[in-house]
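Trainee:
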Amino acid sequence: MSTQVPKEDERTESVEHEAEDSAEQPEASHGDRRRADRDAKRQSVSGAPAEPEQDAFRLKVFRYDPEVEGKMEPRFDDFSVPREKGMTVLDALIYARDTYDTTLTFRHSCRQAVCGSDALFINGRQRLGCQTQISDLDKPVRVEPLPHQDVVKDLVVDMEHFYDQMHAVEPFFQPDEESPGDLEEYRQSPENREEIKMSTRCIWCGACMSSCNIAAGDNQYLGPAAINKAYRFAMDEREGENMKEHRLNVMDQEHGVWRCQTQFSCTNVCPKDIPLTEHIQELKREAVKQNLKFW
Amino acid sequence: MHEHDVLVIGGGGAGLRAAIAAHEEGADVAIVTKLHPVRSHTGAAEGGINAALREGDDWELHAYDTMKGSDYLGDAPAIETLAQDSPEETVQLENWGMPFSREDDGTVSQRPFGGLSFARTTYAGAETGHHMLHTMYEQVVKRGIQVYDEWYVSDLAVTDHDDPSDRECHGVIAYDIKTGQIEGFKARNGVILATGGLGQVYDHTTNAVANTGDGPAMAYRAGVPLEDMEFVQFHPTTLPSTGVLISEGVRGEGGILYNSEGERFMFEYGYANNDGELASRDVVSRAELTEVNNGRGVEDEYVYLDMRHLGEERITDRLENILHLARDFEGVDGLEEPMPVKPGQHYEMGGIETDENGLTCIDGLYAAGECACVSVHGSNRLGGNALPELIVFGARAGRHAAGSDLGEAEITTGRTGEIEEEDGLDTPVEPGAVSASTEEDDAVADGGNAGGDDDAVADGGAAVVEPDETVRRAVERERTRIEHLLEKDTGVQHASLRADLQESMTENVNVFRNEEGLKQALEDIQEVREAYQDVYVSDPSRTFNTDLIHTIETRNLIDLAEAITLGALARDEFRGAHWRQEHQERKDDEWLKHTMLSWNEGTPELWYKPTILEGEDKTYEPKERSY
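Shown next, in the form of structure tokens:
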């Protein structure tokens, strides 16, 4: 199935989960907060009245499971999450999962914007859950899986196509010259290292690909992340001119750099601030220069 | 059943390096990992790779620094192997295209790090691990090495000989997270565990959510001893609200630590009169907490790390990633204000006992990287020594498993040779598996390898030794366990159990430890273990059931928390990262030995083996460790 679902007020039923515990001191640490939450929950289970909820916000989360009754039809669930200083969308999802519904499913691992697992569609834009502060978002906060990718379950999308495109650009170092050997490095100037620096920051989160209209319409388009990977090697002076020519040939094709219409959506959503569109444009210029050379 | 020559479990730095090495030896190798490789936590490593590459440096200095940093609990053959092999392995990464930071002459840059006598930490900005991980994954793609990503390995297929040293590992059992399928993977030559850290034992950690110590827990229950588990590194500079790491590179470049009074406490209060902020990590972490405990912490919780004086240009050039982390995860602009930092769990020095070829006492079972204990780091790891460990010992394990002759190992494994049994440890509760008298259901939930759950006994004592049959039996055992967890629809859920465990460990088995707290932790752990007998998974789905995965992981965390705490209680001295309130000195007469813990079919046993201080050409004499 696809993530292209209508707005929840048109079609999806909504299940609500309210916080049964009280709000804490606004600046309590995570550990204190969680302990207090759990104590409060235990109390409410034992019959003590739950205190009224204060200063919570609503988290609307896309739900879907291909095999569980009641979830096969996509819907949004509402969770009431207490505000906490510094809380990210990932923190809020974890809170909702561990407090209300352990079946809520999303990928996450490092919590610090380097593993690239939790690219999500948050309030209508591709962002990393762990890198997005709740305080920066309009409420309710609406979390959906990445658009233009098949949904596996809840917020988890199938990344295979993204990986296939990444693998399609010969994403590995191929120097013209044999390794210098005997504990010798290939030399690279600090300037050239600086030139490729931004391109090497890619964490394979897929936000760019998901934001790209062209990629949505052309399944063979390599997409911004894969082209950026090619850029990373093509511009690395250690590989040499022959390999650069080869790499430009790979890019200089129908589903390569020329598909890009410079809409900048990929650049706008990249969580690592990689100037993707600029890199694609530069490869176009390099490809043109190379073609002119052979005239 | 899938079948390969070599199976590598885990797709981080050690796993990728092992797979490449095995592939280069001609083996049919596959990586099985619960994440996609590029999601692995090696990618979060910031500082760099220690390697003696330059004029004026040599491997012997690196080895000496490492031995001193280990507080004389590292084994010399392992340490010397690390220091000798690191230059070649580091340059190999460069030759594979890794974008290191560069000097004007085009060579790779190195910087000073804590506890080093030479600026030998080779780096790529403050994101060295990210570049290392991606560079090696690129090589895996280039070689066409098969990767089973999002397959969770839940158990090992090991023969059931009585003596663990007679056992053989023939493969693993894995659960396809996407489809819920359970499959046996047979390894013709060897299984290499490279599962990384176990930081989820604690609630304030730099580790990823996925770092649940699956490898050590599985190996332990299969009969491999865990070594020196009490030595847990608490990194001195983590962000207070999330545990996100602020690299030691900040101090390496000249960052300064201040208390709430604005005092540069590392010098003012004499914690490290020579090296100050660049003393070893254990020293700095204790200093910070001592400041907080003496009322000189900020908000009674943290201290400040200030790098503003380095200037925007230098910060942007060498530490740019730190600016992003401080901004995104603490809301602080590192160019304008000091960053709040406090100690957080960072690294487990102990792990699966291996020799310098990565081999455990079980034939065909290897381990490399943070999940293993060779032992390079002893009681305290130096900054910049984790990444070289991944590539040096990952490569060795890969080669050895593929059949390459690396020569006889000097480090012995298993309960042989000059060992000493612990017989007098006073524990408040009986550690290990909940007694076999509980209901049958519970033993299933507990994950198979508990005492009393012995297939061989049920079959009238016939030990299973044949490879295919060993794998098939293990698959059946795991199917039963997983079906049980999915079908049970009442009980307790893992999240609250995991939280109880983390809370107690953070409270009682932290930087400062005492007997009372450690005993409390053992009681808490046992309580969690008993509650886990009634655990269930509320998500009935076969599709991407993270509830199930987290539930299985939680069982692993329980065993590892207990191992850490037992070691900490037994070791009544202060060495490296292990500080005991009642025992404020290092006791070399008694404790120049490794703490070993054997699962022993559910009734854990502690024993000891001597530290090896004899190196190739010299013996390392324990000295007072001051910085």
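Residue numbers (the numbering used here), protein chains in the order written: chain A, 1 to 295; chain B, 1001 to 1627. Yeah, the Cβ is synthetic: ideal placement off N, Cα and C, and Gly gets one too. Because the structure is a prediction, the values reported are computed rather than measured.
If you check the beta carbons only, do B/L1335 and B/R1308 fall under 8 Å apart?
Mentor: The residue given as residue 1335 of chain B occupies position 335 in the second sequence. The residue given as residue 1308 of chain B occupies position 308 in the second sequence. Going by C-beta atoms, B/L1335 is nearer than 8 Å to B/R1308.
Trainee: Given this structure, state the Cα-to-Cα distance separating B/G1344 from B/P1164, to the nearest angstrom.
Mentor: Position 344 of the second sequence, counting from 1, holds the residue named residue 1344 of chain B. Position 164 of the second sequence, counting from 1, holds the residue named residue 1164 of chain B. C-alpha separation (whole angstroms): 35 Å.
Trainee: Determine whether the Cβ of A/H108 lies closer than 8 Å to any Cβ atom of chain E.
Mentor: Protein chains in the displayed structure are A and B, and chain E is not among them.
Trainee: Closer than 7 Å by beta-carbon distance: list the chain B residues that pair up with A/D65, in chain order.
Mentor: Indexing the first sequence from 1 puts residue 65 of chain A at position 65. By Cβ distance, chain B contributes S1541 and T1543.
Trainee: Select from B/L1382, B/E1088, B/R1264 and B/A1222 the residue whose C-alpha is nearest the C-alpha of B/Y1072.
Mentor: Walking along the second sequence from the start, residue 1072 of chain B turns up at place 72. Closest by alpha carbon: B/L1382.
Trainee: Note down the Cα distance separating B/C1373 from A/L222, rounded to an integer number of angstroms.
Mentor: For the purposes of this step, residue 1373 of chain B is identified with residue 373 of the second sequence, where counting begins at 1. For the purposes of this step, residue 222 of chain A is identified with residue 222 of the first sequence, where counting begins at 1. About 43 Å.
Trainee: If we count Cβ pairs, one from each stretch, closer than 8 Å, do we get three or more for the region 248-263 of chain A versus the region 213-220 of chain A?
Mentor: yes
Trainee: Express the C-alpha separation of B/T1195 and B/A1217 in angstroms, rounding to a whole number.
Mentor: Here residue 1217 of chain B is taken as the residue at index 217 of the second sequence, counted from 1. Here residue 1195 of chain B is taken as the residue at index 195 of the second sequence, counted from 1. Answer to the nearest angstrom: the Cα atoms are 10 Å apart.
Trainee: Just checking my contact of B/M1339 with B/I1246 at CB under 8 Å: how many whole Å lie between their CB atoms?
Mentor: Stepping through the second sequence from its first residue, residue 1339 of chain B is reached at position 339. Stepping through the second sequence from its first residue, residue 1246 of chain B is reached at position 246. That belief holds up - the Cβ atoms of B/M1339 and B/I1246 are roughly 6 Å apart, short of 8 Å.
Trainee: Going by the DSSP bridge assignment, what does B/K1593 pair with across the sheet?
Mentor: Translated into the one-based positions of the second sequence, residue 1593 of chain B becomes position 593. In the DSSP output, where bridge partners are listed per residue, B/K1593 has B/P1610.
Trainee: CA-CA distance, B/P1540 and B/R1473?
Mentor: Within the second sequence, the letter at position 540 stands for residue 1540 of chain B. Within the second sequence, the letter at position 473 stands for residue 1473 of chain B. Taking the straight line joining both Cα atoms gives about 25 Å.
Trainee: Residue range of the beta strand (DSSP E) that B/G1517 falls in?
Mentor: For the purposes of this step, residue 1517 of chain B is taken as residue 517 along the second sequence, with counting starting at 1. Careful: B/G1517 lies outside any beta strand (DSSP E), inside the alpha helix (DSSP H) at E1515 to Y1532.
Trainee: Nearest to B/K1623 by CA position, among B/G1171, B/G1602 and B/L1592, is which residue?
Mentor: In the second sequence, the residue the question calls residue 1623 of chain B occupies position 623. Here the closest residue by C-alpha is B/L1592.
Trainee: Restricting to Cα atoms, I'd like to know which of A/I196, A/P171 and A/M87 is closest to A/E282.
Mentor: Taking the first sequence and counting its residues from 1, one reaches residue 282 of chain A at position 282. Among A/I196, A/P171 and A/M87, the Cα nearest to that of A/E282 is on A/I196.
Trainee: Name the residues in the region 1321-1338 of chain B whose C-beta lies less than 8 Å from a C-beta of chain A; which are they?
Mentor: H1324, L1325, D1328, F1329, E1330 and G1331
Trainee: With 16 other CB atoms within 10 Å as the buried threshold, where does A/V152 fall?
Mentor: Numbered from 1 along the first sequence, position 152 holds the residue referred to as residue 152 of chain A. It is buried - the Cβ of A/V152 has at least 16 other Cβ atoms within 10 Å.
Trainee: Taking C-beta pairs closer than 7 Å, name the residues in chain A that B/H1131 reaches, listed in chain order.
Mentor: If you number the second sequence from 1, residue 1131 of chain B lands on position 131. The answer, in chain order, is T200.
Trainee: Mapping DSSP to helix, strand and coil, what is B/P1216?
Mentor: Position 216 of the second sequence, counted from the first residue, corresponds to residue 1216 of chain B. Correct three-state label for B/P1216: helix.
Trainee: Determine the DSSP secondary structure at B/R1571, reduced to helix, strand or coil.
Mentor: Your numbering for residue 1571 of chain B matches position 571 in the second sequence. Note: B/R1571 maps to coil in three-state DSSP.
Trainee: Could you say if the region 1092-1102 of chain B and the region 1054-1069 of chain B meet the contact criterion of at least three C-beta pairs nearer than 8 Å?
Mentor: no
Trainee: Whose Cβ in chain B lies nearer than 9 Å to the Cβ of A/I196?
Mentor: Numbered from its first residue, the first sequence carries residue 196 of chain A at position 196. Chain B residues near A/I196: P1099.
Trainee: If I follow the unbroken beta strand (DSSP E) through B/G1171, where does it start and stop?
Mentor: Locating residue 1171 of chain B in the second sequence gives position 171, where the first residue counts as 1. It spans C1169 to D1176 - the beta strand (DSSP E) in which B/G1171 sits, taken as one unbroken run.
Trainee: With a CB to CB cut of under 8 Å and the five nearest residues on each side skipped, what residues in its chain are close to B/S1086?
Mentor: Reading the second sequence from its first residue, position 86 is the one you call residue 1086 of chain B. Answer for B/S1086: I1049, N1050, A1051, A1052, W1059, H1062, P1388, I1391 and V1392, listed in chain order.
Trainee: In this structure, how does DSSP classify A/S117 when only helix, strand and coil are distinguished?
Mentor: By 1-based counting over the first sequence, the position of residue 117 of chain A is 117. Looking at A/S117 - three-state DSSP - the assignment turns out to be coil, as it is neither helix nor strand.
Trainee: Under 7 Å between beta-carbons, which chain B residues line up against A/Q112? List them in chain order, please.
Mentor: Looking up residue 112 of chain A in the first sequence gives position 112. Within 7 Å Cβ-Cβ: A1044, V1244, L1325 and F1329.
Trainee: If you draw a straight line from the alpha carbon of B/V1006 to that of B/V1464, how long is it in whole angstroms?
Mentor: For the purposes of this step, residue 1006 of chain B is identified with residue 6 of the second sequence, where counting begins at 1. For the purposes of this step, residue 1464 of chain B is identified with residue 464 of the second sequence, where counting begins at 1. The straight-line gap from Cα to Cα measures roughly 21 Å.
Trainee: Out of curiosity, what's the CA-to-CA distance linking A/E73 and B/F1265?
Mentor: The residue given as residue 73 of chain A occupies position 73 in the first sequence. The residue given as residue 1265 of chain B occupies position 265 in the second sequence. Rounded to whole angstroms, A/E73 to B/F1265 spans 60 Å at the Cα level.
Trainee: Going by the CB atoms, is the gap between B/T1066 and B/L1093 shorter than 8 Å?
Mentor: Residue 1093 of chain B sits at position 93 when you count from the first residue of the second sequence. Residue 1066 of chain B sits at position 66 when you count from the first residue of the second sequence. Taking 8 Å as the Cβ cut-off, B/L1093 and B/T1066 do not qualify as a contacting pair.
Trainee: Output yes or no for whether 8 Å exceeds the beta carbon distance between B/V1244 and B/I1322.
Mentor: One-based indexing of the second sequence puts residue 1244 of chain B at position 244. One-based indexing of the second sequence puts residue 1322 of chain B at position 322. Contact: no.
Trainee: So, at 7 Å on beta carbons, what are the nonlocal neighbours of B/A1287 in its own chain, with the 5 sequence-adjacent residues on each side left out?
Mentor: Stepping through the second sequence from its first residue, residue 1287 of chain B is reached at position 287. The answer, listed in chain order, is F1265, M1266 and Y1271.
Trainee: Note down, in chain order, all residues in the region 1113-1140 of chain B with a beta-carbon under 7 Å from any beta-carbon belonging to chain A.
Mentor: H1130, H1131, E1138 and Q1139
Trainee: Report the option in B/L1305, B/V1224, B/D1228 and B/I1315 whose CA atom is closest to the CA atom of B/N1259.
Mentor: In the second sequence, counting from the first residue as 1, residue 1259 of chain B sits at position 259. Nearest of B/L1305, B/V1224, B/D1228 and B/I1315 to B/N1259, Cα basis: B/L1305.
Trainee: What is the DSSP secondary structure of A/Q126, counted as helix, strand or coil?
Mentor: If you number the first sequence from 1, residue 126 of chain A lands on position 126. Residue state, collapsed to three classes: strand.
Trainee: For B/A1208, decide whether its Cβ has a neighbour in chain A, counting only Cβ atoms nearer than 8 Å.
Mentor: Here residue 1208 of chain B is taken as the residue at index 208 of the second sequence, counted from 1. Interface annotation, B/A1208: in contact with chain A, CB-CB separation under 8 Å.
Trainee: Would you identify the three-state DSSP class for B/G1448, choosing helix, strand or coil?
Mentor: Translated into the one-based positions of the second sequence, residue 1448 of chain B becomes position 448. Low confidence applies to B/G1448: its pLDDT is 46, below 50, so where it sits in the model is not reliable enough to give any reading.
Trainee: Quick one: residues in its chain with C-beta nearer than 7 Å to the C-beta of A/T97, no 5 flanking neighbours on either side, listed in chain order?
Mentor: Your numbering for residue 97 of chain A matches position 97 in the first sequence. It is Arg, not Thr, that sits at residue 97 of chain A in the sequence shown. Answer for A/R97: L104, listed in chain order.
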